[in-house]
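Order-wise, the sequence lines are chains A and B.
Following our numbering, the numbering of the first sequence begins with -8 at its first residue and continues without gaps.
Following our numbering, the numbering of the second sequence begins with 49 at its first residue and continues without gaps.
All C-beta atoms in this analysis are idealised placements derived from N, C-alpha and C, irrespective of residue type, glycine included.
Note that the structure is a prediction, hence the values are computed from the model and not measured.
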Amino acid sequence: MVTVCETAAEAVDGTEDGATVLVGGFGMAGMPVALVDALVDQGARDLTVVSNNAGNGDTGLAALLAAGRVRKIVCSFPRQHDSWVFDGLYRAGRIELEVVPQGTLAERMRAAGAGIGAFYCPTGVGTPLAEGKETREIDGRTYVLETPIRGDLALVGAHLADRAGNLVYRKTARNFGPVMATAAATTVVQVQRVVDVGSIDPEVVVTPGIYVDRVVAVGPAEVEGVA
Amino acid sequence: MTEPVQDRPRSKDEVAAAVAADIAPGSYVNLGIGQPTLVADHLPPGSGVVLHTENGMLGMGPAATGGPDDPLDPDLTNAGKVPVTELPGAAYFHHADSFAMMRGGHLDVCVLGAFQVSARGDLANWHTGAPDAIPAVGGAMDLAIGAKSVFVVMTLLAKDGSPKIVPECTYPLTGVGCVDRVYTDLATFDVTVDGLVVRDLAGTTYDELAARLDVPLLRGWAPA
């Protein structure tokens, strides 16, 4: 059952200390900024964050990091021209980093959402990122065993939701959203608008509502049908 | 065929043009961040080459200009987070699908930058290994092992003058034995089971090149 929340604060309410939080977005495209800001206010600590990047500028994920709430970040590409918040924490030894190849990051979450126990992946074989991991030769090619990444909470940015939680995304802002939505115990989605059931063509739904627990409209338009 | 020589080193644009000339019409191609992006400017109109961007798009068009007919869209960016455009026939997909296209061998060509390439085609392009460096791999490892052909573009020499084609990579690897061809300002190399084959030369001679590199070379042309 999907809850349509009035505020981002309501949407992230109950997040526990020590939670693993999947945060969508590739750079700022698809980044659920309102939900991450609400998580800063909500106050959960000692978080493990899984996201492609480690925050840009001073807002969104970078603000959560700056508030000292994140113990560990799992990502593929932490270092960017504007990742100064993460860079400072990392160099000061105040945050743990696990670098994962980008496709492996996505597939580990896909596996979690699809009930796959682990998978053999050719990416990273013979590199430092496969060190210590089990390998296996299959049909003459070497693969490394990768395990699922499961979230307690997924924070996703999408374009539209209906009241049943069906989601559509916009352009490359889709990125990690559909995968993360499947991989967490609780999936919270911020959208531009929440529309009535029946307003989204079933053929174009990207994330079916079964994967979604809470949605909140953050504009620019207000939630349709809510006073 | 005689020794193919241009009398001066190639510019970055000339290197990009050389790569573009070797991409078959209709190929699905991923261009890495930085110098590889220049290849797009040299693909001939009507080539039918479809550009893939790892963040979830096929049919990527040129960078957006921000003009009235071409506004910057924060939801439409390339792998370098630069606003781009979509071409007719474009498609969007999520990240697991995007990397399935790579890993599953569906991309014909990827073009990557490099710190080092070894004589047997090992690639190092994600981490200098310096103690204060922050490692960031992105999609490089998936591309390196996934595309049918892996092309590298780089300068042949590092800023300190040392060759970037080496017997063994000293930087942490991105992929093992994954590079097929290396385009540089001074020469183009094919990585083959017999060793590195020099395809062409620019601003240097075969003998100068062989003396400069610490790896065995083969001529890609018959003796004159």
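Length of the line joining the Cα atoms of residue i and residue j
i       : j      : result
B/S146  : A/S67  : 15 Å
A/I191  : B/K207 : 55 Å
A/S42   : A/M171 : 10 Å
B/V87   : B/V97  : 11 Å
A/V31   : B/H154 : 41 Å
B/T218  : B/A178 : 11 Å
A/Y127  : B/G115 : The residue asked about is misnamed: residue 127 of chain A is Arg in this sequence, not Tyr. Approximately 52 Å between the Cα atoms of the pair.
A/I64   : A/A45  : 7 Å
B/K60   : B/V157 : 19 Å
A/T178  : A/I201 : 10 Å
A/V61   : B/G74  : 46 Å
A/P119  : B/G194 : 18 Å
B/D134  : A/V24  : Strictly speaking, residue 134 of chain B in this sequence is Glu, with Asp absent from that position. Each residue's alpha carbon lies about 25 Å from the other.
A/A105  : A/A175 : 11 Å
A/A212  : A/A53  : Low confidence applies here, because A/A212 scores a pLDDT of 42, under 50, leaving its location unreliable; read the following figure in that light. Going from the Cα of A/A212 to the Cα of A/A53 covers about 26 Å.
A/V185  : B/A65  : 48 Å
B/I71   : A/A155 : 46 Å
B/L120  : B/V230 : 34 Å
A/Q181  : A/V207 : 5 Å
A/G216  : B/H100 : The predicted model places A/G216 with a pLDDT of 41, which falls under 50 and marks its position as unreliable; any figure quoted below should be read in that light. Cα to Cα, the separation comes out at about 39 Å.
B/A138  : A/Q71  : 28 Å
A/K124  : B/A270 : 46 Å
B/L266  : B/G169 : 15 Å
B/P84   : B/V67  : 9 Å
A/V214  : A/V203 : Residue confidence is low: A/V214 scores 39 on pLDDT, short of 50, so the model does not pin down where it sits. Its coordinate-derived value is still stated next. The alpha-carbon atoms of A/V214 and A/V203 are separated by roughly 17 Å.
B/L91   : B/G251 : 24 Å
A/V(-5) : A/P169 : 19 Å
Cross-strand partners of residue i (DSSP beta bridge)
i      : result
B/L99  : B/V77
B/G243 : B/T240
A/R132 : A/I129
A/T178 : A/A145
B/S308 : In the structure as shown, chain B starts at 49 and stops at 272, and residue 308 of chain B therefore has no counterpart that could be examined.
A/R154 : BP columns for A/R154 are empty, so no partner.
A/N44  : A/F68
B/L155 : Looking at the DSSP assignment, B/L155 forms no beta bridge with any residue, so it has no partner.
B/D248 : B/T236
A/T39  : A/T11, A/K63
B/L106 : B/H100, B/A139
B/G115 : B/D118
Helix, strand or coil at residue i according to DSSP, with G and I counted as helix
i      : result
A/I201 : helix
A/K63  : strand
A/A212 : Bear in mind that the predicted position of A/A212 carries a pLDDT of just 42, short of 50, making it unreliable; the figure below should be weighed with that in mind. Coil, per DSSP.
A/A218 : With a pLDDT of 32 at A/A218, under the threshold of 50, the modelled position of that residue is not reliable, and no figure is offered here.
B/M202 : coil
B/S59  : coil
A/E137 : strand
A/T163 : helix
B/L257 : helix
A/E98  : helix
B/Y219 : coil
A/L13  : strand
A/S223 : Because chain A in this structure spans residues -8 to 218, residue 223 of chain A falls outside the shown range and cannot be described.
B/F141 : coil
A/R85  : coil
B/M49  : For B/M49, the predicted model reports a pLDDT of 42, less than 50, meaning its position is unreliable and no value from the coordinates is stated.
B/S197 : strand
B/Q83  : helix
A/Q183 : coil
B/L135 : strand
A/D32  : helix
A/G104 : helix
A/G5   : coil
B/V227 : coil
B/Q54  : strand
A/T173 : helix
B/A172 : strand
A/A58  : coil
B/A188 : helix
Whole-angstrom C-beta distance between residue j and residue i, which should lie under 8 Å
i      : j      : result
A/V76  : A/D49  : 7 Å
A/V197 : A/R165 : 7 Å
B/P110 : B/V130 : The pair is not a contact, with the Cβ atoms about 10 Å apart (cut-off 8 Å).
A/A35  : A/D8   : 5 Å
B/C48  : B/V198 : The first residue shown for chain B is 49 and the last is 272, placing residue 48 of chain B beyond what the model contains.
A/A58  : A/D28  : Not confirmed; about 10 Å, so no contact.
B/L221 : B/A172 : 6 Å
Test: residue i CB closer than 8 Å to a CB of chain C
i      : result
A/R101 : Chain labels in this structure do not include chain C; the protein chains are A and B.
Segment contact, 8 Å Cβ cut-off, at least three pairs: the stretch 133 to 150 of chain A with the stretch 1 to 16 of chain A: Segments in contact, yes.
Three-pair Cβ contact test at 8 Å for the stretch 202 to 216 of chain B versus the stretch 107 to 125 of chain A: Between the stretch 202 to 216 of chain B and the stretch 107 to 125 of chain A, the count of Cβ pairs shorter than 8 Å is below three; the stretches do not touch.
The stretch 88 to 97 of chain A contacting the stretch 186 to 206 of chain B, beta-carbon criterion three pairs below 8 Å: With a cut-off of 8 Å on Cβ pairs, the stretch 88 to 97 of chain A is in contact with the stretch 186 to 206 of chain B, counting three or more such pairs.
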